[in-house]
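To get our numbering, take the position in the sequence shown, counting from 1, and add 14. Note that CB positions come from ideal geometry on N, CA and C, so glycine has one too. A short worksheet on the structure shown next.
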Amino acid sequence: MQIDIGKLKSLAPCYIYDAAKIEAQCNALRNALAEFDILYSVKTNPFAGVLQQVRQAGFGLDAASATEVMIGLTHGFKAEDIFYSAPGKSVEDIERAIGRCRIIVDSVNELIRLARCAREQGLTDCPFGMRMHPDFGLAGAAPAPSKFGIELDDLPMVADILRDNPVLRFEGLHIHLKSQILDADQIGDYWDRCLETAERIAGRPGMRPKYLNLGSGIGVAYDAKTQKPVDLTRLAERARAVQARNRAGLDTRLIVESGRFIVSAAGGFYTPVEDIKLSRGVKYLIVRNGMNGFLRPAVAHMIAANNPEAPEAQEPFYSTRAAFEADVINDAAEREVVSIVGNLCTELDVVAEGVTVRRAELGDLVRISNAGGYAFTLSPVLFSGQGLPRQILLTRDGHFLDESGLRIDRTRAPQTSHFNEGIKRAILSDVQ
Ligand SMILES: Cc1ncc(COP(=O)(O)O)c(C=O)c1O
């Protein structure tokens, strides 16, 4: 979809999320994983228009906080389609979420809290899922210590809690080990081991899961030069195989979660060039809302500058060195090598260093790719009081929609928002 640059200039700095691209990713995942139910991970990008796209695709939600549960409800997701999984849920978190989603407890302490909360609310039946920390690592690695999930060795303790609290009803299992895996067979092997773990747990009294949430892992080829996208044909074969084994035995509902795969490439970050400087042979384009608008490119630069060897991914802050492409949006035929930096008072505010882009004029827009996931909400947008970038959904017919789903036109550009409206609405709706 061709974007109207004049209109964009009146709205930048802004994120544009392309609805058609989100839809295409949802369809690709749906086709490859026809055997599974799919949840979208809200934390990746909770923008209203994005949530609407994944709801239309028939996906449920993976919520990582009680607020994300509320965001899901606010956007029309049913409680039964929202799975709330996160470590360290407080009593308040549980009170907010109980009855409004499927709660996945992350520890025995959370299970005890949930039972107490259910009793206080006069419930007679409180279904719950459990996140397990499995006794295997990825790709044959030994299991590492983890703050996530319940250890298999703690299951006798869980059984005691269930015996003492008849209000609790075990419903399902959740396992997640790692994000950003690009090898379909590594993901398939992981699914096999998760099913094996669920089969073992199902042998215990009252522990037959109605669902097994296999977590996420499906990665994004951020850097086309060094990374290959996940082979979805192979992934589909592995999904069919694990489902066949499941149907023949445990026969539970299989679920996967996905965030970045659905939204990352669908987003672009657009920000104006506010100044151009030459310093000792380096040409700088200074843009608005650099690292405080979109943090990840600055982190990529920071990590690469300090570690020239290929550093390990540090998800969700850093995936790979050249994960973002930056370009200047104009018709210039001439190209030049520049460093694109933000306007914060720190040398670390770097968008891209030594990149070849179209020759820029003041006021031109810079576009940064792969800005659809772990972008706006992961960035220190309040730092230095520079105002927030807008977030906008680009519809299939070329319209821009704001957080409320209203069309933005050139004559009625909204004020820069000072808070994520979705989050604000969700918090307020809970308070009332
Ligand atoms: C439990 C869980 N599920 C899903 C996700 C989403 O991961 P991704 O965006 O890689 O799909 C994460 C990311 O951290 C996670 O921790």
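Quick one: what's got a C-beta closer than 6 Å to residue i's C-beta in the same chain, skipping five residues either side?
i, result
"R404", "L25, C28"
"V83", "A77, I96, Y98, A111, R114, C115"
"P330", "Y388"
"K57", "A78"
"A46", "L246, L249, A250"
"D345", "none"
Do you know offhand how far residue i's Cα is from residue j's?
i, j, result
"L299", "S383", "17 Å"
"A262", "F308", "47 Å"
"T425", "I290", "With a pLDDT of only 46 at T425, under the threshold of 50, the placement of this residue in the model should not be trusted, and no figure is reported."
"I276", "Q39", "5 Å"
"K297", "R373", "11 Å"
"K319", "G220", "This sequence places Ala at residue 319; Lys is not what is there. A319 and G220: Cα-Cα distance of roughly 53 Å."
"M171", "I126", "11 Å"
"L376", "A93", "49 Å"
"L268", "T370", "46 Å"
"D18", "I343", "11 Å"
"L196", "Y236", "10 Å"
"L53", "A347", "44 Å"
"I406", "A62", "9 Å"
"Q8", "H89", "The structure shown does not extend to residue 8, since the chain is modelled only from 15 through 446, so no value can be given for it."
"G20", "L379", "10 Å"
"Q400", "P394", "11 Å"
"E326", "S333", "8 Å"
"S193", "V234", "10 Å"
"L22", "Y31", "13 Å"
"G282", "L87", "27 Å"
"N59", "L43", "17 Å"
"S272", "T391", "17 Å"
"E109", "K103", "10 Å"
"Q429", "D416", "In this predicted model, Q429 has a pLDDT of only 48, less than 50, meaning its place in the structure is not dependable; the value taken from the coordinates is given anyway. So the two alpha carbons sit approximately 11 Å from each other."
"Y284", "E339", "12 Å"
"L75", "V105", "22 Å"
"K239", "R349", "21 Å"
"D149", "L166", "7 Å"
"A156", "R421", "52 Å"
Which same chain residues, not among the five before or five after residue i, have their C-beta less than 8 Å away from its C-beta?
i, result
"A48", "A250, A253"
"R218", "L169, A173"
"D363", "G304, M305, N306, A312, V355, G356, N357"
"D199", "R248, R252"
"V181", "A129, A132, R133, L137, T138, D139, C140"
"V256", "E49, G202, W205, D206, L209, L268"
"S353", "V296, K297, Y298, L299, V364, A366, E367, G368, V369"
"R183", "D139, C140, P141, F142"
"E323", "none"
Would you say the beta carbon of residue i comes nearer than 6 Å to a heavy atom of ligand 1?
i, result
"L229", "The sequence given here places Gly at residue 229; Leu does not occur at that position. Yes, Cβ of G229 sits closer than 6 Å to a heavy atom of ligand 1."
"D76", "yes"
"H315", "no"
"E348", "no"
"G273", "yes"
"H147", "no"
"T58", "yes"
"S79", "no"
"H190", "yes"
"S383", "no"
"D121", "It should be pointed out that residue 121 corresponds to Ser in this sequence rather than to Asp. It does not: the Cβ of S121 is nowhere closer than 6 Å to a heavy atom of ligand 1."
"Q333", "A quick correction: the sequence has Ser, not Gln, at residue 333. For ligand 1, not one heavy atom lies less than 6 Å from the Cβ of S333."
"S160", "no"
"S193", "yes"
"S55", "yes"
Among the residues of its own chain, which have a CB less than 7 Å from the CB of residue i, if the five just before and after it don't count?
i, result
"A158", "G151"
"E288", "I300, V301, R302, N357"
"F433", "Its pLDDT being 47, under 50, F433 is placed unreliably in this model, and the coordinates cannot settle the point."
"A216", "R222, P223, L264"
"N260", "L209, T266, L268"
Under a CB-based cut-off of 7 Å, is residue i close to chain C?
i, result
"P325", "The question asks about chain C, but that chain is absent: this structure has only one protein chain."
Does ligand 2 have even one heavy atom less than 6 Å from the beta-carbon of residue i?
i, result
"K57", "In the structure shown, ligand 2 is absent; the only ligands present are ligand 1."
Is there contact here, the region 182-199 with the region 227-235, by at least three beta-carbon pairs under 8 Å? A contact is defined here as three or more CB-CB pairs under 8 Å, and the region 182-199 meets this definition with respect to the region 227-235.
Between the region 201-216 and the region 29-36, can you find at least three pairs of beta-carbon atoms closer than 8 Å? Two segments are said to touch when three or more pairs of C-beta atoms, one from each, lie closer than 8 Å; by this definition the region 29-36 does not touch the region 201-216.
Quick one: which unbroken beta strand (DSSP E) runs of 3-plus residues sit fully inside the region 278-305? Chain order, please. Every unbroken stretch of the beta strand (DSSP E) spanning 3 or more residues and falling wholly within the region 278-305 is given here in chain order: 281-293, 296-301.
Complete alpha helix (DSSP H) runs within the region 127-207 (minimum length 4 residues, chain order): Complete alpha helix (DSSP H) runs here, min 4: 169-178.
Kindly provide the ranges of any beta strand (DSSP E) runs that are 3 or more residues long and lie completely inside the region 203-234, ordered along the chain. List check, beta strand (DSSP E) in window: 225-227.
Report the residue ranges of all beta strand (DSSP E) runs contained in full by the region 330-408; include only those spanning at least 3 residues, in chain order. DSSP runs (the beta strand (DSSP E)) wholly in the region 330-408: 340-343, 349-356, 364-372, 379-382, 404-408.
Start-end ranges of the beta strand (DSSP E) lying completely within the region 18-99, minimum 3 residues: For the region 18-99, whole beta strand (DSSP E) runs of length 3 or above, ordered along the chain, are 28-32, 51-55, 74-77, 96-99.
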